[in-house]
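Below is one structure, written out as structure tokens; the observations come after it.
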Amino acid sequence: MNAYGFAGWYRANTPLEPRLAKAFRDRWFAMDSALAKAAEIDEVPEQCDFVVKNTATLALQLLKRYRNICYAHYDGRIPPSVMLSYYAGVSARPNMSLSDMLVRVANWIKGDIDEANRRGRLLHVANPVTPADVFTDRWPASFVQQEELARHLERLVVGVEAAKRGEVTPDKLTNWLRAQFGDRVVTMAVDRMANTIGQSVQDAAHGYSRKGGLILPAAAATGMAVAPSVVRASPHTFFGERI
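The numbering of the sequence shown is the numbering used here, which starts it at 2 and goes up by one.
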């Protein structure tokens with residue numbers, strides 16, 4: 002696989018959005034030590050500072066998390082990350098709201114699946130730089146698999162659109178976001194989407210540590226009920242194969 006070529010294509014299609022990057026950087030460095038002490042921190046190895054470049058990449062992160070939740074108990078191959086990255090790149094449009102970008106990517110994928118079904122074919126996605134690199138050579142293996150993803154994406158879009166129309170109360174929106182993107186982990190990206198929709202995730206003290214660790218709100222600090230377990234997807238490769 003021409004990974005370097007694809008990475009270059011993705012960067013070219015998802016340029017820096019200065020206002021978004023500045024907003025996340027300002028929020029990151031504004032977190033004080035009191036928040037860190039009141040939070041649970043999921044430590045990760047030392048790494049460079051967390052950088053948010055554009056809305057398309059944020060939408061991609063949420064879409065991957067949504068996929069992981071949907072396929073948490075699935076035994077076979079799952080939609081590959083490299084395929085989702087392609088769709089984030091091809092559908093990217095600067096300065097969209099996060100909710101609109103997430104809907105745009107999801108609809109783009111679903112549209113291609115619907116078209117493949119109409120033609121009686123499996124979804125085919127290749128490296129735009131090196132067409133011989135087929136991102137969907139292992140998944141989907143059947144029409145059932147691609148139709149299943151289409152249904153998951155449709156459900157996501159319906160939920161986001163309902164929230165945008167104001168049909169979801171703040172409490173229900175919080176619960177819905179947690180159900181779609183992780184029970185205990187509501188990141189700054191999800192918080193941003195909630196605010197864009199016109200609702201806020203109430204009392205959600207969260208963010209990223211400067212080492213890249215994800216800071217999770219402690220139950221006592223948020224005043225919200227937290228489920229005792231976390232749904233996690235089984236480890237998988239970049240191409241969706243279980244490891």
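Glycine included, each C-beta is placed from N, C-alpha and C at the ideal position.
Reference residue i, options the options, closest by Cα
| i | options | result |
| --- | --- | --- |
| Pro1 | Asp172, Val135, Lys23, Arg12 | Nothing about residue 1 can be read from this structure; the chain reaches only from 2 to 244. |
| Gly112 | Val126, Ser100, Leu99 | Val126 |
| Ala94 | Gly183, Lys165, Leu157, Lys54 | The question names Ala, yet the displayed sequence has Arg at residue 94. The candidate whose alpha carbon is nearest that of Arg94 is Lys54. |
| Val158 | Thr56, Asp101, Ala117 | Asp101 |
Test: residue i CB closer than 7 Å to a CB of chain D
| i | result |
| --- | --- |
| Pro141 | In summary, chain D is missing from the structure at hand, where a single protein chain is found. |
Cα-Cα separation, residue i to residue j
| i | j | result |
| --- | --- | --- |
| Gly90 | Thr131 | 15 Å |
| Cys71 | Gln62 | 14 Å |
| Trp177 | Val104 | 16 Å |
| Ala142 | Lys23 | 42 Å |
| Ala57 | Trp140 | 23 Å |
| Phe239 | Arg152 | Model confidence at Phe239 stands at a pLDDT of 48, short of 50, so the residue's coordinates are unreliable and nothing is read from them. |
| Gly183 | Met2 | 31 Å |
| Val161 | Ala4 | 32 Å |
| Ala60 | Thr15 | 12 Å |
| Glu168 | Ala133 | 45 Å |
| Trp10 | Met84 | 13 Å |
| Asp172 | Gly77 | 35 Å |
| Asn96 | Arg12 | 16 Å |
| Ile79 | Thr170 | 32 Å |
| Arg20 | Ser98 | 12 Å |
| Arg122 | Asn69 | 25 Å |
| Ser92 | Arg166 | 23 Å |
Cβ pair residue i, residue j closer than 7 Å
| i | j | result |
| --- | --- | --- |
| Thr137 | Leu154 | no |
| Tyr75 | Gln181 | no |
| Trp109 | Tyr87 | no |
| Leu150 | Val106 | no |
| Phe1 | Asn118 | Since the first residue of the chain shown is 2 and the last is 244, residue 1 is not available in this structure. |
| Gln146 | Ile114 | no |
| Leu174 | Ala163 | no |
Burial state of residue i (16 or more Cβ within 10 Å)
| i | result |
| --- | --- |
| Arg179 | buried |
| Leu17 | exposed |
| Ala73 | exposed |
Where residue i sits in the DSSP three-state scheme
| i | result |
| --- | --- |
| Ala73 | coil |
| Val169 | coil |
| Val130 | coil |
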